[in-house]
Structures are given as structure tokens and as C-alpha cells.
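Here the structure comes first, spelled out in C-alpha cells, and everything after it is commentary.
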Amino acid sequence: MSAARPSILYVTDLGYEAKGRRYCDEDIRLSGRLREDFDIALCHPLEAARLMGAFDAVVVRNSGPVLHYQREFDEFRALARQRGTRLYNPLTGRADMAGKQYLVELSAAGFPVIPTVDRAADLSRLPGAGRYVVKPKLGADSIGMRLVDRDALADLAYDDVLVQPRIPFRYEVSFYFVDRDFQYALYAPRPERRWELERYEPGPDDLAFAQRFVDWNTLDHGIQRVDACRAPDGELLLVELEDLNPYLSLDLVEDSVREAFVARMTASLRGFLAG
Numbered sequence: 009m010s011a012a013r014p015s016i017l018y019v020t021d022l023g024y025e026a027k028g029r030r031y032c033d034e035d036i037r038l039s040g041r042l043r044e045d046f047d048i049a050l051c052h053p054l055e056a057a058r059l060m061g062a063f064d065a066v067v068v069r070n071s072g073p074v075l076h077y078q079r080e081f082d083e084f085r086a087l088a089r090q091r092g093t094r095l096y097n098p099l100t101g102r103a104d105m106a107g108k109q110y111l112v113e114l115s116a117a118g119f120p121v122i123p124t125v126d127r128a129a130d131l132s133r134l135p136g137a138g139r140y141v142v143k144p145k146l147g148a149d150s151i152g153m154r155l156v157d158r159d160a161l162a163d164l165a166y167d168d169v170l171v172q173p174r175i176p177f178r179y180e181v182s183f184y185f186v187d188r189d190f191q192y193a194l195y196a197p198r199p200e201r202r203w204e205l206e207r208y209e210p211g212p213d214d215l216a217f218a219q220r221f222v223d224w225n226t227l228d229h230g231i232q233r234v235d236a237c238r239a240p241d242g243e244l245l246l247v248e249l250e251d252l253n254p255y256l257s258l259d260l261v262e263d264s265v266r267e268a269f270v271a272r273m274t275a276s277l278r279g280f281l282a283g
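Written out as C-alpha cells, the structure is:
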């Protein structure tokens, strides 16, 4: 690490268009705030492998679904491991950055997740539902997701998909963490408008739910988003644990919350670089 200000390569796709979100705005503002403490350079995901050797660390933020450039991303990860490059988030995450197999494993282990299987032989583990959701294990942003009837499940090719019952949830809620510390929560009170988010004040049980998954993931440094849904019986169920490049919706929180998040991320990066 340089003696003065640490240098960070901030990986983002400023041109990526996501429904209901403006990745570019978030990354322009967040990288601008981090520039007060670090020397920051922004680059596209496809340029990261070529440029990362000149920086003290690489921060992967709103880089878009990696399945659009899976080969290049795999090469980037392999090169980072070979060189010992400091990646934030670190590549040791056990959740979405490694695919969605963890949902199958957590479901089988009895964690509070939407029931999930990836084999026809395990379909009996799923509760009855009007329809079922079929997701690619390497999916993102609902790409490749489809709804099917129960009688279609036996004919699926289970090589790279998982199956869940379609839950008539009350609402979706997301919990945002830096390292293992909770920062804020947002929810979509209207399920049909999933990106119209509002502040959510979690109770102790909500926080314990989210913390359980963050602790399971064992990432000492990095940003994580725990996405959950409120089932009809009131139980929270995990939808996904995003530990690669979670969108933060920082434009929807109060200035004080946003400033606290930036301060905590800055401290996290400094600790990460010093480790």
C-alpha cells in the first residue's frame, strides 16, 4: 500500500441499464465521496483485469450481472487470486458470488429461506403452490427466471437450475451491511412495484434474521445485502444474499444514514488494506 493515500480501482458499468435503478448515479456519488480519503479511478468490468495491478485494491460495485461477461469475469477472479490482489468484496463469499447453490444447501439445513431444491428427487420437499419459480443457478436480475406449473417440474433439466414455490409474500425487505455491521433497511410495501422502496425500521427479530445470514457468510470485510420476503404467516424468508455487487439504493436514505454508510465503508476499506 502506498505511504500516502491508498489507490483504489473502482469497477462499475456506468452504462448498464437496470429497471427501476440508476447504477451510474449511485457509483458516481459514492466514488466521489470515497475520493476524499482514497485515490480513485473508475473502470468498466472488462478493463479491470488489465488495470488492477497498478492499484492497492479493487472495489467491485455496480458492475452489472456478470453472466453477461462470465468468461472475462472468471479470468479476472483467477488473475486476482494468482497475484494476491485485494478485492473488495473478497472472493471468499459463500453466497451469490458463488452462484445460488447456497439456497439449496441452506434450505436443506433448515435455515429460514424460501424452500429450494435442485433435483427432481427432492421435489417432495417443496410445499404445494399454485406455480413454481425456476431460476438459473448463475442468474441475476431475474434473467432466465420463469414460472411453471407443478406437473412441469418432473420434466425439467436440473443441471443448472433450482426450483422454489411461488410465495404470495406481503412485501420484500432488504437489509444492508458493511462488514458484519447493519447499516439500514429498505422495503417494497407494494409487491407489484418492487423497486419503489421506502425506509424500513427493523425490529430485533428482523435484525437477528438478517445477521444470521451475514454471520454464516463469514466475510470479515465487504458490503452485503440480505433480501427477504414476509410470508403470509409473518415469517421472514431469505430470497437471496447478495455478496458480489449489491445495489445500495443510497439515494433513498436520509443524508445522515448515507453519510454514516460512507464513513463505515471508508473504515472498512482502511481496515481491509491494513490487514
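The sequence shown begins at 9 in our numbering and counts up one residue at a time.
In this text, a Cβ means the ideal position worked out from N, Cα and C, and glycines have one as well.
- Item | Sufficient close CB pairs (3 or more, under 8 angstroms) joining the stretch 101-110 to the stretch 238-256 | yes
- Query: Curious, which full-length alpha helix (DSSP H) runs of at least 4 residues does the stretch 18-97 contain?
  - Reply: 31-42, 56-59 and 78-91
- Jot down the residue ranges of each uninterrupted beta strand (DSSP E) in the stretch 159-221, minimum 3 residues, whole runs only, in chain order. 169-173, 180-186 and 189-196
- Task: Entirely within the stretch 217-254 and at least 3 residues each: give me those beta strand (DSSP E) ranges in chain order.
- Result: 231-238 and 244-250
- Buried versus exposed, by CB contacts within 10 Å (16 or more), Met9: A caution first: Met9 carries a pLDDT of 45, below 50, which makes its placement in the model too unreliable to give a value.
- Task: Taking 8 angstroms as the cut-off, decide whether the C-beta atoms of Asn70 and Thr20 are in contact.
- Result: yes
- Task: Tell me, please, whether the stretch 170-177 touches the stretch 118-136 by the rule of three or more beta-carbon pairs shorter than 8 angstroms.
- Result: yes
- With Arg154 as the anchor, note down where its alpha helix (DSSP H) starts and where it stops. From DSSP, Arg154 is part of no alpha helix (DSSP H) but of the beta strand (DSSP E) over Arg154 to Val156.
- Task: Counting only the same chain and skipping the five closest in sequence on each side, list residues whose C-beta sits under 6 angstroms from that of Lys143.
- Result: Met153 and Leu170
- If Asp259 and Glu55 are in contact, beta carbons under 8 angstroms, what's the gap, nearest whole angstrom? Actually they are not in contact, since the Cβ atoms of Asp259 and Glu55 sit about 26 angstroms apart, beyond 8 angstroms.
- Item | Outcome for Ile151 when other beta-carbon atoms lying within 10 angstroms are tallied against a minimum of 16 | exposed
- Query: Using the rule of at least 16 other Cβ atoms within 10 Å of the residue's Cβ for burial, across every protein chain shown, is Ile122 buried or exposed?
  - Reply: buried
- In terms of DSSP beta bridges, what is Tyr140 paired with? Val156 and Pro173
- Should Asp214 be labelled buried (16 or more other beta-carbon atoms within 10 Å of its own) or exposed? buried
- DSSP puts Val121 in a beta bridge; with which residues? Leu246
- Counted within 10 angstroms of its Cβ, other Cβ atoms place Leu155 as buried (16 or more) or exposed: exposed
- Rounded separation between Phe81 and Asp223 - CA only: 26 angstroms
- Pairwise C-alpha distance: Gly230 and Ala282: 14 angstroms
- Item | Residues bridged to Ile16 (per DSSP) | Ile48 and Ala65
- Task: Mind checking which residues open and close the alpha helix (DSSP H) that includes Glu262?
- Result: Careful: Glu262 lies outside any alpha helix (DSSP H) and carries neither H nor E.
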